[in-house]
Amino acid sequence: MRRTATWLAVLLCTACGSAESSASPAPSSSLSSSTPAPVPAVPAVPGIEAEAVELRTDEAIGGQVQVRITDTGTEAFTVTSVAIDSPGFAPLPDRAVTAAFAPGRTIDLPTPYGDALCDRAAEPAAARLTVVRPDGRTEALRVPLAAEVLGRIHEERCAVRAVLAVADVTVDGLSPDGDAVTGTLTLARAGDDDRPVTVTRLEGNVIYDATADLPRTLGAGESTLEVGLEFTMARCDAHALAEVKQPHLFLLGLQVADDHEVAADLPLDEAQRDELAALIDRACR
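Numbering of the sequence shown is given in our numbering, commencing with residue 10 and proceeding in unit increments.
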């Protein structure tokens, strides 16, 4: 098999899938029934606008978006740090940057976001910036952040978390089996909520096919459900192996009782991802 350095870099650098989804589910419930106090709107900052956007690279890396800053004024400035300030996400330290703006210029600044806080909304949000003016003055600013993408991410994370509060999801016993890797998907009752949980679907990706005997349901009164998994190669060509952005992302459909289906990421740890990487050597030789 011909392997490329690009493929190796992707395997080493791509963030692993987690049980929190990158798809777009319709949430069925909230983790908290309390209604938080409204958060005041963020006052405008003359000459600076900010928007959160999610690029394909952000989806592949996970846990970050681009804070798109535009100089809408008549004065240049330099941004030396950036952070997301949203009531729906745990705060993270400012990220050091050096981005020089002239009037009309727009620059995307990669910025991580924290864990979703599901008892509050993602907006109103702000971009927390350190700005250096032409005369050397330094200002700490909170710029209103157009954050529709953060609202979507927040909704997805919290929808998955609500399902996992009913039944936890793990992958166990992943091991080589000829030109395949096999294992077991396990659902385990997580608390006192006895509603049925159905695994509705499992999707492969560009380079791997993923199959399971679905749908299967963890019924009321049952503590665990086990479903066999099989991974095989969908493509072995060098182009696919080099260009794939999320080799370990497998979407898993979960549904609690009659609620809407939620799309979660199949949880795979580092050793399990290594098993899938080794499958390429066996099956694509």
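Note that the Cβ used here is the ideal one computed from N, Cα and C, for glycine as well.
Cβ pair residue i, residue j closer than 9 Å
| i | j | result |
| --- | --- | --- |
| Val141 | Thr207 | no |
| Pro119 | Glu58 | no |
| Leu288 | Thr241 | yes |
| Glu132 | Gly160 | yes |
| Gly56 | Asp80 | yes |
| Glu6 | Leu183 | Limits of the chain in this structure are 10 at one end and 294 at the other, which puts residue 6 out of reach. |
| Ala134 | Val51 | yes |
| Pro100 | Gly71 | no |
| Glu212 | Leu277 | no |
| Val158 | Ala273 | no |
| Asp128 | Gln75 | no |
| Pro256 | Ala286 | yes |
| Ala130 | Thr139 | no |
Inter-residue Cα distance where the pair is residue i and residue j
| i | j | result |
| --- | --- | --- |
| Pro102 | Ala92 | 7 Å |
| Thr115 | Gly82 | 12 Å |
| Glu270 | Ala189 | 28 Å |
| Ala247 | Val106 | 35 Å |
| Ala136 | Pro96 | 12 Å |
| Arg151 | Val253 | 37 Å |
| Pro185 | Gly200 | 33 Å |
| Gln73 | Glu164 | 15 Å |
| Ala251 | Glu68 | 17 Å |
| Arg282 | Ala229 | 32 Å |
| Thr226 | Thr209 | 8 Å |
| Pro143 | Ile162 | 36 Å |
| Pro187 | Phe98 | Sequence inspection shows Gly at residue 187; the Pro mentioned does not correspond to that position. Taking the straight line joining both Cα atoms gives about 44 Å. |
| Val180 | Asp203 | 22 Å |
| Gly145 | Thr87 | 10 Å |
| Ala243 | Arg170 | 30 Å |
| Leu223 | Leu238 | 10 Å |
| Leu258 | Leu126 | 24 Å |
| Ala155 | Val48 | 15 Å |
| Ala168 | Ala85 | 42 Å |
| Ala249 | Glu63 | 23 Å |
| Pro121 | Arg166 | 15 Å |
| Val215 | Cys245 | 10 Å |
| Ser43 | Pro205 | With a pLDDT of only 49 at Ser43, under 50, the local geometry of the prediction cannot be trusted, and no value is derived from it. |
| Tyr217 | Arg77 | 34 Å |
| Thr66 | Arg104 | 18 Å |
| Leu326 | Asp290 | Outside the displayed span of the chain (10 to 294) sits residue 326, for which this structure offers no information. |
| Val54 | Ala111 | 16 Å |
Opposing strand residues paired with residue i [DSSP bridges]
| i | result |
| --- | --- |
| Asp67 | DSSP lists no partner for Asp67. |
| Ala272 | Gly262 |
| Leu118 | Val76 |
| Asp94 | Ala135 |
| Thr233 | Ala197 |
| Arg104 | Val91 |
| Glu239 | Thr191, Thr220 |
| Arg225 | Val208 |
| Ala59 | Ile78, Leu154 |
| Ala85 | Beta-bridge pairing links Ala85 to no other residue. |
| Ala280 | None; Ala280 has no bridge partner. |
| Val54 | Ile57 |
Query raised in the report: Three or more beta-carbon pairs under 8 Å between the stretch 254-274 and the stretch 168-184, yes or no?
Result: yes
Requested in this report: Decide if the stretch 190-197 is in contact with the stretch 228-241; the criterion is three or more beta carbon pairs, one per stretch, under 8 Å apart.
Outcome: yes
Report task. Just list the alpha helix (DSSP H) runs in the stretch 134-219, keeping only unbroken ones of 4 residues or longer that don't cross its boundaries, in chain order. Result -> 157-173
Query raised in the report: Along the chain, which unbroken stretches of the alpha helix (DSSP H) at least 4 residues long are found entirely within the stretch 241-268?
Result: 247-252, all fully within the stretch 241-268.
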